[in-house]
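Scroll down for the structure; my scribbles are underneath it.
Protein chains: 2
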Amino acid sequence: MLKRFLVPEEDRVFVSEESVRYATQAIFLEMGLSERDAEQATDVLVVSDLRGCESHGVSNMLRNYVHEYRRGELNPKPNVKTLRESAVSATWDADQALGIQVGPRAMELAIEKAGESGIGAVAIRNCGHVGMLAYYPMMAIAHDMIGFCMVSAGGALQVPVFGSEPVFGTNPIAWAAPADKHAPFVFDVATTQVAANKLMLTRRIGSKLEPGWITTLEGEPVMESVDSPDYGGFHMLPFGGTRENGGHKGYGFATIVDIMAGILSGNGPGFIAGRLHHSQFVMAIKIDSFVDVEIFKADLDKLLEKLSTMKPTKGHDRVYYAGLIEHEETALRKKEGIPYHREVVDWFNGISDELKLGFSLP
Amino acid sequence: MLKRFLVPEEDRVFVSEESVRYATQAIFLEMGLSERDAEQATDVLVVSDLRGCESHGVSNMLRNYVHEYRRGELNPKPNVKTLRESAVSATWDADQALGIQVGPRAMELAIEKAGESGIGAVAIRNCGHVGMLAYYPMMAIAHDMIGFCMVSAGGALQVPVFGSEPVFGTNPIAWAAPADKHAPFVFDVATTQVAANKLMLTRRIGSKLEPGWITTLEGEPVMESVDSPDYGGFHMLPFGGTRENGGHKGYGFATIVDIMAGILSGNGPGFIAGRLHHSQFVMAIKIDSFVDVEIFKADLDKLLEKLSTMKPTKGHDRVYYAGLIEHEETALRKKEGIPYHREVVDWFNGISDELKLGFSLP
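These protein sequence lines map, in sequence, to chains Y and E. Per this note's numbering, the first sequence starts with residue -2, numbered consecutively. Per this note's numbering, the second sequence starts with residue -2, numbered consecutively.
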């Protein structure tokens, strides 16, 4: 994550993984989730915070989820229905479950199918926010599989190249593969220039947006460095930004996501499905179906070794590959705790008092 | 394709699809390919030219292929071996066949497997140039499937973000899905800022490269507008360009391609496999495994309708989606012929004389 998204040092409160897990799970249980689901949803959020992906951890997301449960927009005890199923595929209706509650189960099923058939995929319609996408393909790599995941997240944020109206959400894509000696490759990006949650983080932190990240409400690219406007006061550009700089590539990948998650699941295009009905596509590919796992991992090690030990260009300390910083950050945060903004810790303690949950952070 | 890549009007010679097919096939037959393979390889090139994707049509590619056959780098009569196979997957060693000769067969097999099992994928190691990637997923959409394809194309061109050495080729990705009333979604991009072939096109055409497209041989981004240097005089940046503008996204997708095509096929990372040993991954997904084909196509129509009829931003005539221009261009070129640079037509007629092939264009 870019430095602009980090919590300023003077506002940091370090909280142990264990404490934030306890607190988060207590809140999910209070919202009506089952023990298993509360534990699962908590894990997605805490793994996100451990990896330094604060934008998708408890800070930004948990209070939104609480609001959505309270407004009845999320169903804490969903009756997830299988609409179609084969040896390699399934389509689920999530019954308006939170995405981080139902998504991991879908990836478990994809992994099970890939274990038996070589490849497994599940398309989910009708769910809430899916959290840090990296979580899902990371589940696959633990089984010597390649995993990938896409989420169609409404249609009110991202404008197509040359377009004046938003049609897509941030429509993220994540992909992961296991190595042997090196930290796994774990890639997770929005198809917009930046994740929407990160824009909100800049507001808490007081940093600026880059030129070419957002558009006016008429779709005209904002080419100056500006403060993040309020939600509803801007749209977002696909990654790449302008056409000359490859904005059509971000736009194309956003469309792929709308097709693979939104349309293939039967949820429909994001701009029709709307804010409350996200959709997800997860796939697991058994490496052994194509090549020996040992050869695969040794080859991936060679690539990751080459990337991470290469001499950097001027002004840079090091060359990273996707997932490397997050892997190192996880080790550090498991030891030292997770640095939350003090305002987030206050929120946790406020809700603990309000709902008589009996915890106090840090 | 951007205007800078088009043949200038005064240099255009229009050739009918039929004539260029005949000429190209005659050359492939002379190189030693079987009738079936010559016809197949010709189709990939001519479909590329019909779509206006000149960079991957006969102009740039055919003379390279001829050189590679003559130098013995390509095997015109390959003994393609199946190394591993399941109901949903296969791994092939292409025996140094030209990619456009073996790739379509691999996609045929993926489609056959997807027809029976729901999903089918083939990884191919040890092949030559794979041509316009869009060709492969376009094969899938004719069967009411979603198709995608990735190619690891050596490791001598693309530098990682902050990196000083090239590790990847242009490592392109293509993805396609069928609609009902609208032209299909067909997405095909290099994970570099621009396809290497397009840089060579700018040399013939005399247009400039944009800032942030290439790097020096030390990996430092060239941030001015320059003429394209010779091959060997530059490296290329991942799409996005700088880190702030999302270069890590292009870099991540390039790595995915090296994993899915290079490492999963057993070809190895591109930087080890080298210039002559490309690798490919193709996948077909049967729509009907997840949702009714009619619902899928109707939903995709709604999305494509929304995109292509939206009011454009200032200075633009129209909003396009991936594949729309190419679909329209194909209709036009099938009627009016394909506008080649006169130098390309001269080359065809030269080789016809040299090898006594008996054709004369246009």
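We treat Cβ as the ideally placed atom computed from N, Cα and C, and that holds for glycine. Quantities reported herein were computed from a predicted structural model and do not represent experimental measurements.
Check whether residue i and residue j have beta carbons under 8 Å apart
i, j, result
"A176 (chain E)", "D185 (chain E)", "no"
"G271 (chain E)", "D255 (chain E)", "no"
"M371 (chain E)", "I108 (chain E)", "This structure does not reach residue 371 (chain E), given that chain E is present from -2 up to 359, and the question cannot be answered."
"I322 (chain E)", "G49 (chain E)", "yes"
"T213 (chain Y)", "A187 (chain Y)", "no"
"V288 (chain E)", "S305 (chain E)", "no"
"V164 (chain E)", "V158 (chain E)", "no"
"D356 (chain E)", "Y62 (chain E)", "The sequence shown places Phe at residue 356 (chain E), rather than the Asp named in the question. Cβ distance not < 8 Å, so F356 (chain E) and Y62 (chain E) don't count as in contact."
"Y132 (chain E)", "T252 (chain Y)", "no"
"R200 (chain Y)", "H338 (chain Y)", "no"
"I116 (chain Y)", "S149 (chain E)", "no"
"G54 (chain Y)", "L95 (chain Y)", "no"
"A139 (chain E)", "E113 (chain E)", "no"
"K205 (chain Y)", "D224 (chain Y)", "yes"
"T21 (chain E)", "L59 (chain E)", "yes"
Bridge partner(s) assigned by DSSP for residue i
i, result
"W89 (chain E)", "E:T79, E:I121"
"D9 (chain Y)", "Here the sequence assigns Arg to residue 9 (chain Y), which means Asp is not the residue at that position. BP columns for R9 (chain Y) point to Y:H338."
"W344 (chain Y)", "Paired residue(s): none; W344 (chain Y) is not in a bridge."
"G265 (chain Y)", "Looking at the DSSP assignment, G265 (chain Y) forms no beta bridge with any residue, so it has no partner."
"P309 (chain E)", "Y:G160"
"P235 (chain E)", "E:T189"
Neighbour flag for residue i against chain E, beta carbons, 8 Å
i, result
"L198 (chain Y)", "no"
"V164 (chain Y)", "yes"
"H140 (chain Y)", "no"
"P181 (chain Y)", "no"
"G96 (chain Y)", "no"
"P309 (chain Y)", "yes"
"A174 (chain Y)", "yes"
"L3 (chain Y)", "no"
"I108 (chain Y)", "no"
"F159 (chain Y)", "yes"
CB contact below 8 Å: residue i versus chain Y
i, result
"W370 (chain E)", "Because chain E spans -2 through 359 in this model, residue 370 (chain E) falls outside it and cannot be assessed."
"D299 (chain E)", "Inspection of the sequence shows that residue 299 (chain E) is occupied by Lys rather than by Asp. So, interface residue."
"D224 (chain E)", "no"
"L304 (chain E)", "yes"
"T252 (chain E)", "yes"
"P85 (chain E)", "Note that residue 85 (chain E) is Val in the sequence shown, not Pro. For V85 (chain E), the answer is yes, since a Cβ of chain Y falls inside 8 Å of its Cβ."
"F268 (chain E)", "yes"
"Y132 (chain E)", "no"
"V279 (chain E)", "no"
"G237 (chain E)", "yes"
"F345 (chain E)", "no"
"I260 (chain E)", "yes"
"N242 (chain E)", "yes"
"I256 (chain E)", "yes"
"F231 (chain E)", "no"
"R67 (chain E)", "no"
"S286 (chain E)", "yes"
"S114 (chain E)", "yes"
"F184 (chain E)", "yes"
"H275 (chain E)", "no"
Span of the beta strand (DSSP E), counted from its first residue to its last, around residue i
i, result
"H275 (chain E)", "275 to 283"
For residue i, the first and last residue of its enclosing alpha helix (DSSP H)
i, result
"S45 (chain Y)", "32 to 47"
"G145 (chain Y)", "The question names Gly, but residue 145 (chain Y) in the sequence shown is Phe. Here F145 (chain Y) belongs to no alpha helix (DSSP H); instead the beta strand (DSSP E) covers 142 to 149."
"T21 (chain Y)", "14 to 27"
"Y318 (chain E)", "Note, Y318 (chain E): premise wrong, no alpha helix (DSSP H); not H, not E."
"V63 (chain Y)", "55 to 67"
"P134 (chain E)", "132 to 138"
"P101 (chain E)", "96 to 114"
"V4 (chain E)", "Looking at the DSSP string, V4 (chain E) is not in any alpha helix (DSSP H), and its letter there is neither H nor E."
"I253 (chain E)", "244 to 254"
Contact set between residue i and chain C, taken where Cβ atoms lie within less than 8 Å
i, result
"P359 (chain E)", "Within the model displayed, chain C is absent; protein chains Y and E are what it includes."
Return the chain-ordered ranges of every beta strand (DSSP E) run that is complete within the segment 153 to 233 of chain E and spans a minimum of 3 residues.
170 to 174, 182 to 186
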